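Same order as they appear, the protein sequences are chains A and B. Under the working numbering, think of the first position of the first sequence as 24, with each following residue one higher. Under the working numbering, think of the first position of the second sequence as 207, with each following residue one higher. Here a beta-carbon is modelled for each residue, glycine too, at the ideal position from N, C-alpha and C. A quick note: this is a predicted structure, and the numbers were derived from the prediction, not measured. Structure first, commentary second.
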Amino acid sequence: MTLTHEPIEGEHFVVVSESTGDEWEIVVGLEVHCELATVTKLFCGCPNMFGDEPNTNVCPVCLGLPGSLPVLNENVVELAMRLGRALQCSVEPSVFARKNYFYPDMPKDYQVTQFDRPINVDGWLDLPDGTRVGIERAHIEEDTGKNSHAGGSGRIHGADYSLVDYNRAGVPLVEIVGRPHIRHPEQAKTYIDELRAILLTTGASDAKMEEGSLRVDANVSVRRVGDTELGTRCEVKNLNSLRSLGRAIEYEARRQVDLLETGERIKQETRHWDEGAGRTRAGRSKEEAEDYRYFQEPDLVPLVPSAEWIAAIDAAMPPLPAARREALAVASGLAVTESGVVIAVQRDLDQLALATIAAGGDGRRVLTHVEHNLSGEGSAGLDPATFAQLVGLELGGQLTATQVKTVLAEMLVSGRAPDVIAAELGFEAMDSSELEGVVDGLIAESPEEWSDFCTGDDKKRAKLQGFFTGKIMKATKGQADGKAVAVLLESRRVESL
Amino acid sequence: MSAIPSTAIEIAAAVRSGSLSAREVLDDHLARIDARDGEINAFNLVMVDEARAAAAAVDAQVAAGENPGPLAGVPLALKDNLCTHGIPTTCSSRILEGWRPPYDATVVQRVNASGAISIGKTNLDEFAMGSSTENSAFGPTRNPRDTSRVPGGSSGGSAAAVAAGFAPISLGSDTGGSIRQPAALCGVVGVKPTYGLVSRYGLIAFASSLDQIGPFSTTVADSALLLETIAGYDGRDSTSINAPSPSLIESLGEGVDGLRIGFVTELMGEGIDPDVAARVRQAADALAAAGAQIGEVSVPAAAYGLSAYYLIAPAEASSNLARYDGVRYGMRVDAPTTAEMNAATRTAGFGDEVKRRIMLGTYALSAGFYDAYYGKALKVRTLIVRDFERAYADFDLLITPTSPTTAFKFGDKTADPLSMYLNDICTIPTNLAGHPAMSVPFGGGADGMPVGVQLLAPALGEATMFRAAAVLESAAPALDEVWS
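In C-alpha cells:
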C-alpha cells in the first residue's frame, strides 16, 4: 500500500491499495486535551503543579471530600475564552455537567465537564497548507489524578497494590474537538503544531505533548475516494508525541483498508497505540461503552460571560500564526505556504523578518536566512537595519553565500555592522578574472590530478573536485564563492577534453 | 436546674449578662441527654469534651467583658451530615465509618463564632433519605412525645433533640421536607430557607439542587435568630445568594394585617388526614382574625411534585454518593480488583433505602431513559416554579399542612416505600421551587400528637413568613385541646 504525500485533486490525499490499486481516503478528527496554565486548579485554590510530592497540592474540594463544593476559577474561564476566540469560536453561555463513571483516580467518581452546552463552539483553525480544519467545540473540564501500580507485574492487572496521586485532580483542561477535516498523517501533525502555536501565543497552555500537558486522541476512519459518507471510526489513544500521532494514523488507516478490502467491517472502538510494536490494539468497544449519565452539575451555576468580557479578550488578542504568515507573505512577496514564511512564524522571527524587509532587505533572502541560519532563541538581538544591510551585500555580489553565513554568525555575537565584520575577516568581493587566475594557477600546479579529474569516473571526479575546491578556498582565504568555483572547474574540464 | 430558661434567646441573654454560665447551661442539658437519650436515640455522638471546652471559652469571654455573640452559651445539636472538624461525621451510614472531616461546614463555623455550644451530632435517615429516621444504620430515633412513634425524618434526631429538651435549637437539612416534617411530627418549629440563603459548604450532599440547611427550635423567635446567624453569602458555595442576611427578629411582631394568604387547594384534599386539615383551617382562621385575607389558590403542578422529586433527588444522589467507593476514606471491603472492591464496599456500607435510590437515580439518568424520566421531571420542576409564581402574584404567603398525618408508629410504613414517600407530598414542591417554607406547631390531631402547619413564601420571603409564623405561634391551641 502506498501513501501519497502530495495532495491529489485539491486537498485530498489518498492511500493506494497495493493489492487492488483502489484509492482510499483517510479521514481524521483530533481531540486535544490541554492543561490550562493557571496558577490554581479549576475549582479550588490548590496550586496547579503536577509533579510535586504526591498528594501535597490537595484540599477537601479537589479530593472530593463529602460536603465540599466547587467554585469556578475565573482565570480558567479567561484562558478558555482566549483560546476559543483564537480558534474563531463563538463564546456561548455554558453549563457544567457531571460525567459519571467509577475510577479510582477520580475523587468524586464523576468528572465535571461541559456536555451539551460548551463555552466555545463552531470555530476553525487554518493550516499553513491552506486547509481549514473546523473546530466543533472547545470546552472546560477537570483533570483526574494519576494512578501508579506497584509490585507484581507493575501493570494495573497483577500489581500488588496501586497508589493514586491527586495533585493533578482538578487541574483545568480544555478539550478541543476538531472536525474530521484532516486527510493525512502529516496534516495531523501540522494541525497539532499550529494548535500548539496558538496555545502558546494566547498563553492558554505550555502545550508540552511529551509532558502530558497536551494530549491527543485521533479519530481515524477511511473511505473510498469519492465517497461522501464517513466510515466507521476508531479512536486511537496513547499518542505521546507527534511521531506517534503520524505513525498511528498511518497504521490505523492501513489496518482499516485491509479489513474493508477483505470484506470485513470496522468495529467502532477505542484503540491504544503501542509505540514499540508500531501498532494499535483494541481497547474497550464503543458499542458496549459505558453510559456516563450526564446531567447538569447542580453545584455550579451557568457560566454567562458578559459581552464586555469577550470584547476585552478580542481587543487584547495577540496576532495569531495564520495572520502573521499572511502579513509576512505580503511583505516578502512569497506564498503564504512557503517554508520560509511558515518557519519564520514558527520560530517567532516574523517580526524581525518584517522589520528587515521594511529596512530594505530582499524578502526571499531574508526568509532564507531565517529558515537556515537563524534559530528562534539566539536571534532576538539582531538589528533589522544591519540584517538588511547584510542581505544587500549578498544581493550585490559583494559577499558570497558562505561569507554571509559567517558574517551573520558574527553579527549575532558582536552586533557589529556586516561591512565592518567582512572587512575585518578580509572578505572582499572577488571578481571573476581574479578567481580564474587562481584556478588556472592551481591546475598548472597539479597536472596529474587535473588529468584524473578530467577523465576519471564519477567517484574519482567527485573526490578531485573536493581536492581542487579546498586548494582554491585556501588560496582565496575562503573568499571564493563555492558555486562560482564549481562552475569554473566544470568549464575548464570541458575545455580540456 | 429549673433556673435554666427554655429558649435560646433567653439563655444567650442570661449568659451574656453573667447571670448564668455557659457551663451551667451545658451541664443541665448534658444531664437531660444522659437521663433520656438512651431511650430517644437523638444523638449519634455527644461531644462532651468539645462542648465543655467551648462553654469554658464563652464563660471566659463573658468574664473578660467581651460579647460571645447572639447565641452565647446556647447548646446546639447538629445533624450528623454537617461536617465537623476532627469529629466523626457519619450521615448515619456505615460507609463513612471512621471518617473525620478535616474541616467545619460553613454553618458550623458560623454557629460556633456566634457563641453557640455544639453538643452533638444527631441521628438521621441514612444520607438524609427517609421520613422516619428508621433508615439510620445506628437504629431509629424515637418521638419524645410518644416513643412508640417515629419522630419523622430525615432530620429526626435534630427534631427530637429539641422536642426532648436536649438542646433549645438544632440544625437539620431539608431536601424534600426533612426539616419541616419531623418538626411537625415532634411539635417544634422547623424552617427550610430559600435555596442559596444558607451555604451548603460542608453539608454532605443528598440532592444538591434541593438540599438546604435550616433551624429547629421550640419558638419561632429562636428559629429566626438561628437562621439570621447561619444565613448569608459564602464564597465557597457557588449557589449561595449574594445578598445581605435577612433581618427576621426585628419584624417578628409586625403581624399579618393586610397580608394575603392562600390555601393550596391541591394540598388540602385527598391523602390529608381530616384532623390535620381541620387544624390547618383553624390556623387560617387565626391568621384571618389577625387581619390577613385568606383565599384559595391552585398550584396544579404541585400534584406532580412527588413524582418529579423521586426522579430528580435520586438522580443527583446516585452521582453524589458515587464517591463512597472504598478508595479514599470510610469503609473498605477488600476484593481482588478495584471494581469488585467498589461493589463489595458499597454493598456492605449502604442500607436498603440508599441502594434503592441510587438504583432509581441511575436508571432515571440512563441513556434511553433520560428524556422519559429525568428530563420530564425537570420540565415538571419548571412548571411548579411557574405555578408558584402565579400563586404569589395574588398572595404573599401560602398555607398547607406540613405532613398529611401526625407521627405514625414504627414499622407502619417501612414495608411500603411509596406510602413513606407520600409523607413528603406537601413539603416537596417548595424544594423543587427553591422557595422557603416552615412548619409551626398548631395543636394536636385526633391521636393527641402534634400537627404542623406549613407556611410557604416566595424566594427570600422569610421575613413575611416569620411574621405569620409568630401569629400562628401565639394563636396555637394546646396539644391536648380537643379538636373539632
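- Taken through DSSP and simplified to helix, strand or coil, P542/B comes out as coil.
- Those residues of the region 117 to 148 of chain A placed with their C-beta closer than 8 Å to a C-beta in chain B are R121, N123, F125, P127, P130, K131, D132, Y133, ordered along the chain.
- The DSSP-derived three-state label of P195/A is strand.
- Assigned with DSSP and collapsed to three states, E58/A falls in strand.
- Looking at the backbone, the Cα of R229/B and that of L638/B are separated by about 42 Å.
- Residue environment: A413/B is assigned as buried (16 or more neighbouring CB atoms within 10 Å of its CB, all protein chains considered).
- Judged by DSSP in its simplified three-state form, K169/A adopts strand.
- Residues of the same chain with a CB within less than 6 Å of the CB of E460/B, apart from the 5 flanking positions on each side, are R673 in chain order.
- Residues of the region 89 to 116 of chain A whose Cβ lies closer than 9 Å to any Cβ of chain B, in chain order: P89, G90, S91, L92, P93, V94, L95.
- V324/A has a beta carbon lying within less than 9 Å of a beta carbon in chain B.
- If you check the CB distance, V470/B and L628/B do not come in under 9 Å.
- Interface annotation, G441/B: in contact with chain A, CB-CB separation under 9 Å.
- Within the region 407 to 441 of chain B, the runs of alpha helix (DSSP H) at least 4 residues long that lie entirely inside it are, in chain order, 426 to 436.
- Collapsing the DSSP output to three states places K64/A in coil.
- DSSP, read as helix, strand or coil, puts P647/B in strand.
- Interface flag for G304/B against chain A is unset, since no Cβ pair is found closer than 9 Å.
- Taking 9 Å as the CB threshold, S525/B lines the interface with chain A.
- Rounded to the nearest whole angstrom, the CA to CA distance from T568/B to P130/A is 19 Å.
- Taking 9 Å as the cut-off, the Cβ atoms of G201/A and V55/A count as close.
- Contacts between R538/B and chain A, judged by CB atoms closer than 7 Å, are missing: the closest CB pair is about 12 Å apart.
- For L86/A, the C-beta contacts it makes with chain B under 8 Å involve R534, in order along the chain.
- The beta carbon of Y274/A does not come within 9 Å of any beta carbon belonging to chain B, so the residue lies off that interface.
- The three-state reading of DSSP puts V245/A in strand, counting E and B together.
- In the pairwise beta carbon analysis, the region 298 to 315 of chain B is classified as not touching the region 235 to 242 of chain B: fewer than three pairs are separated by under 8 Å.
- For S361/B, the closest alpha carbon among the candidates E456/B, P656/B, Q418/B, G511/B is that of Q418/B.
- E48/A is bridged by DSSP to R246/A.
- Taking 9 Å as the cut-off, the beta carbon of L517/B is found closer than this to the beta carbon of K582/B.
- K327/B and L86/A have their C-alpha atoms spaced approximately 24 Å apart.
- The C-alpha of I49/A is placed about 21 Å away from the C-alpha of L218/A.
- Between the region 509 to 526 of chain B and the region 481 to 492 of chain B, the count of Cβ pairs shorter than 8 Å is below three; the stretches do not touch.
- About 6 Å separates the beta carbons of V51/A and V243/A, which is inside the 8 Å limit, making them a contact pair.
- Listed by position along chain B, the residues whose Cβ is nearer than 7 Å to that of D373/A form an empty set, because the closest Cβ is around 43 Å away.
- Rounded to the nearest whole angstrom, the CA to CA distance from S337/B to A492/B is 29 Å.
- Restricting attention to beta strand (DSSP E) runs no shorter than 3 residues, the region 578 to 626 of chain B encloses them at 603 to 607, ordered along the chain.
- With a cut-off of 8 Å on Cβ pairs, the region 54 to 69 of chain A is not in contact with the region 384 to 392 of chain B, counting fewer than three such pairs.
- By the Cβ rule, the region 130 to 142 of chain A counts as touching the region 311 to 326 of chain A, because three or more pairs are nearer than 8 Å.
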